[in-house]
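Visitor:
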Amino acid sequence: MTAMTDHRPHMQTEDFEAVARIAAKEREGTRLEFIDGVIRSKAMPDGDHQTIIEWLTRICMQHRPELWLHGGQGIKAEAYRDGRAIPDAVLAPSKAFAGQGDWVDPAPILMAVEVTSWDSDTHQRDHVEKPRAYAETGIPVYLLIDRAKCEVSVYNQPDGRRYEGVHVVPYGTDIALPDPVGITLQTEVLKDWVR
Numbered sequence: 002m003t004a005m006t007d008h009r010p011h012m013q014t015e016d017f018e019a020v021a022r023i024a025a026k027e028r029e030g031t032r033l034e035f036i037d038g039v040i041r042s043k044a045m046p047d048g049d050h051q052t053i054i055e056w057l058t059r060i061c062m063q064h065r066p067e068l069w070l071h072g073g074q075g076i077k078a079e080a081y082r083d084g085r086a087i088p089d090a091v092l093a094p095s096k097a098f099a100g101q102g103d104w105v106d107p108a109p110i111l112m113a114v115e116v117t118s119w120d121s122d123t124h125q126r127d128h129v130e131k132p133r134a135y136a137e138t139g140i141p142v143y144l145l146i147d148r149a150k151c152e153v154s155v156y157n158q159p160d161g162r163r164y165e166g167v168h169v170v171p172y173g174t175d176i177a178l179p180d181p182v183g184i185t186l187q188t189e190v191l192k193d194w195v196r
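All residue numbers in the sequence shown are consecutive under the numbering used here, ending with 196.
#1: From Q101 to A113, what does the alpha carbon distance come to, in whole angstroms?
#2: Could you check the C-alpha separation between W119 and A149 for me, to the nearest Å?
#3: Between A80 and the rest of its own chain, which residues show a CB-CB distance below 6 Å, the 5 nearest in sequence each way excluded?
#4: Relative to the alpha-carbon of R162, which residue among R133, L186, G173 has its alpha-carbon at the smallest distance?
#5: How many angstroms separate the CA atom of I140 from the CA atom of I176?
#6: For P171, count neighbouring C-beta atoms within 10 Å of its own C-beta (all shown protein chains included) and say buried if the count is 16 or more, exposed if not.
#7: With DSSP as the reference, label V182 as helix, strand or coil.
#8: From the DSSP output, read off the bridge partner residues of H71.
#9: Go to E115, then tell me how far its beta strand (DSSP E) extends in each direction, as first and last residue.
#10: For Y164 and P46, what's the separation of their Cα atoms in angstroms?
#11: Using the rule of at least 16 other Cβ atoms within 10 Å of the residue's Cβ for burial, across every protein chain shown, is V142 buried or exposed?
#12: In chain order, what residues of the same chain lie with their CB nearer than 6 Å to the CB of D103, ignoring the 5 residues before and after it?
#13: In the DSSP assignment, the alpha helix (DSSP H) including I54 goes from what residue to what residue?
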């Protein structure tokens, strides 16, 4: 029996960063991510998507004024920080990323946030790839607001490979964001921002 080997070409992280910079300059709104050795384009957020991030920002400011919900910040992701992800937002101290470049060290991040888009690959990206990458990175909480399913998922207790805890509720149900976030979201208003 012969061992199977992976014959896919492997891009170096530095090469991906160069490609991402060029793409962003050449085409306005282009945002590329690099997870599991795959380059994906991240969709531009629509108005409801941005309104959800605004809603969450206000809640975080009210309950945790020492923190900031940083929108669209590129982070070094996955177990060896070779991946590059752009969460819709990350909750971290307000000046946590000062002086860093396009792709920041994720150590100060308390929570990564994704709000689903209407892309064909949103399930694979937001429900499979992102939770694994964020858990490998050690981000304590991953909040997923799924507009297609009208559900909110909170992942916590990363073990270096995946999140051990996952709690899913339908829109309209309160959900606690566990420590180190320590905020409860009242999700009824999310019903206003679905198609």
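All C-beta atoms in this analysis are idealised placements derived from N, C-alpha and C, irrespective of residue type, glycine included.
Guide: By the coordinates alone:
#1: As a working note, residue 101 is residue 100 in the sequence shown. As a working note, residue 113 is residue 112 in the sequence shown. In a straight line, the C-alpha of Q101 is about 18 Å away from that of A113.
#2: Residue 119 sits at position 118 when you count from the first residue of the sequence shown. Residue 149 sits at position 148 when you count from the first residue of the sequence shown. Taking the straight line joining both Cα atoms gives about 8 Å.
#3: If you number the sequence shown from 1, residue 80 lands on position 79. For A80, where only same-chain residues beyond five positions count, the Cβ hits under 6 Å are E137.
#4: Counted from its first residue, the sequence shown places residue 162 at position 161. Ranking R133, L186, G173 by Cα distance to R162 puts R133 first.
#5: As a first step, residue 140 is located in the sequence shown; it is residue number 139 there, counting from the start. As a first step, residue 176 is located in the sequence shown; it is residue number 175 there, counting from the start. Each residue's alpha carbon lies about 19 Å from the other.
#6: Mapped onto the sequence shown, residue 171 falls at position 170. That one is exposed.
#7: One-based indexing of the sequence shown puts residue 182 at position 181. Looking at V182 - three-state DSSP - the assignment turns out to be coil, as it is neither helix nor strand.
#8: Here residue 71 refers to the residue found at position 70 of the sequence shown. Under DSSP, H71 forms a beta bridge with V91.
#9: Position 114 of the sequence shown holds residue 115. Counting along the chain, the beta strand (DSSP E) containing E115 begins and ends at 112-116.
#10: Position 163 of the sequence shown holds residue 164. Position 45 of the sequence shown holds residue 46. Taking the straight line joining both Cα atoms gives about 26 Å.
#11: On the sequence shown, position 141 is the one that residue 142 refers to. Around the C-beta of V142, 16 or more other C-beta atoms lie within 10 Å, and the residue is accordingly described as buried.
#12: Counting from 1 along the sequence shown, the entry for residue 103 is found at position 102. Contacts found: G75.
#13: Along the sequence shown, read from residue 1 onward, the residue named residue 54 stands at position 53. That run of the alpha helix (DSSP H) goes 48-64.
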